[in-house]
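Chains as they are written, first to last, in the working numbering: chain E, 207 to 354; chain Z, 219 to 382.
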Amino acid sequence: MRSTSRTREKVKIQPPMTSMIDIIFQLLIFFMLMPSFQSHEGYLTTNLPKDQGPNPRPPEILERIKIELLDEGNEGEGVSIVLNDTQSLGDNFEGLRAALEGYRAQGLQPTHPILISPTMAVRHKWVVKAFDAAVTARFTSIHFAVPR
Amino acid sequence: MARVIKAKRRGDVGFNMTPMIDIIFLLIIFFMLVSQFQQLEIEDVVLPEAVAAKVMDYSQYRNIVINIIKGKTSSLDAVVKVMGREMNVLQPYTRPDGSQTVGGELTAYLVDAASKGDKANLNVILRADEDVPYEDVARVMLAAGAAGIEGWWITTKIPESEQK
């Protein structure tokens with residue numbers, strides 16, 4: 207009986223653990239690293255401003271919705287929004303979005319042109335926020351003005 | 219012949235495939251990740267957030283990524299980088315016909331890129347730091363406009379609340 211059990215122990219087949227552990231570690235590292243490489247970045251598509259030379263044509267205020275962004279504070283830390291030269295919204299981008307959605311509710315088409323006109327020192331993040339508000343209000347024809 | 223066959227059976231010489239497969243997998247993963255980053259030549263910038271931003275497939279286009287990096291001391295000395303190369307956008311660009319326009323080196327680079335292949339397939343991606351002034355962004359936009367490029371993508375960060 208003893209000799210039989212010894213023989214059984216000798217021929218006991220084991221799966222090759224080394225290679226399995228190798229592959230498992232590789233997969234572990236791969237899936238640990240992958241989330242950090244997913245950057246959660248998105249894109250807003252737009253049209254470029256056109257250089258109109260030294261004597262630019264005056265903007266057609268009546269035709270398009272004009273969003274002016276004025277820099278406030280040190281190096282444009284803050285911002286002030288003026289809609290269509292009349293409506294001052296401070297730095298309330300939610301208010302801007304609501305106003306633009308109001309225009310849409312009044313029957314303006316998504317293709318109605320919007321002009322974002324920031325001053326030179328306005329920071330990029332405020333310009334993107336204004337752009338974001340216009341896209342959220344489902345406008346599609348959004349343009350940028352040459353800075354003043 | 220019989221001897222040779224016997225010797226082979228006894229020695230059982232063969233390649234050890236396990237470490238080879240290990241290394242091949244490692245290399246595949248490495249090159250997959252590296253090629254993803256090389257394709258876009260991105261710089262480390264803090265992107266502005268936008269709720270309406272969409273994740274888009276850029277692989278079908280000829281992409282040119284223009285990075286605008288915030289200056290070290292102030293937001294006023296921003297740097298424009300394309301494919302790891304710093305570009306001057308303050309100088310004028312002289313067209314082949316002798317007339318001048320804006321954009322300097324960047325316009326020259328974009329004109330060259332546009333002439334090398336299908337212009338309609340050219341995609342300009344802007345990656346600007348959230349704190350750079352619009353003045354710098356507009357200069358880059360005007361340079362692209364001077365090169366005859368009309369539309370482009372502005373890279374933004376999708377807020378955590380919008381991430382799926």
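C-beta atoms are modelled at their ideal positions from N, C-alpha and C, and glycine is treated no differently.
- Where Ser333/Z is concerned, there is no enclosing beta strand (DSSP E), although the alpha helix (DSSP H) around it starts and stops at Gly322 to Lys334.
- For Leu340/Z, the enclosing beta strand (DSSP E) stretches over residues Leu340 to Ala346.
- Here DSSP, grouped into helix, strand and coil, assigns Arg313/Z to coil.
- For Met359/Z, the enclosing alpha helix (DSSP H) starts and ends at Tyr352 to Ala364.
- Taking 8 angstroms as the cut-off between beta carbons, none of the residues of the region 290-321 of chain E comes near chain Z.
- In the DSSP secondary-structure assignment, Ile348/E is bridged to Ile320/E.
- Annotation: Lys290/Z to Asp347/Z spans about 12 angstroms, alpha carbon to alpha carbon.
- Beta-bridge partners of Gly284/E (DSSP): Glu278/E.
- Inclusion of Leu324/Z and Val342/Z in the CB contact set at 7 angstroms is not warranted, their separation being larger than that value.
- Our two residues, Asp277/E and Phe299/E, have alpha carbons roughly 14 angstroms apart in a direct line.
- Within the model, the alpha-carbon separation for Glu307/E versus Ser253/Z is close to 42 angstroms.
- Note that the C-beta distance between Arg344/E and Pro319/E is not below 7 angstroms.
- Contact note: Arg270/E does not reach chain Z at a C-beta cutoff of 8 angstroms; the least C-beta distance is about 18 angstroms.
- With a beta-carbon spacing of about 12 angstroms, Pro377/Z and Val334/E fall beyond the 8 angstroms limit used to define contacts.
- Proximity of Pro314/Z to chain E, defined by a Cβ-Cβ separation below 7 angstroms, is not satisfied.
- Under the Cβ criterion (8 angstroms, minimum of three pairs), the region 350-363 of chain Z does not count as touching the region 232-251 of chain Z.
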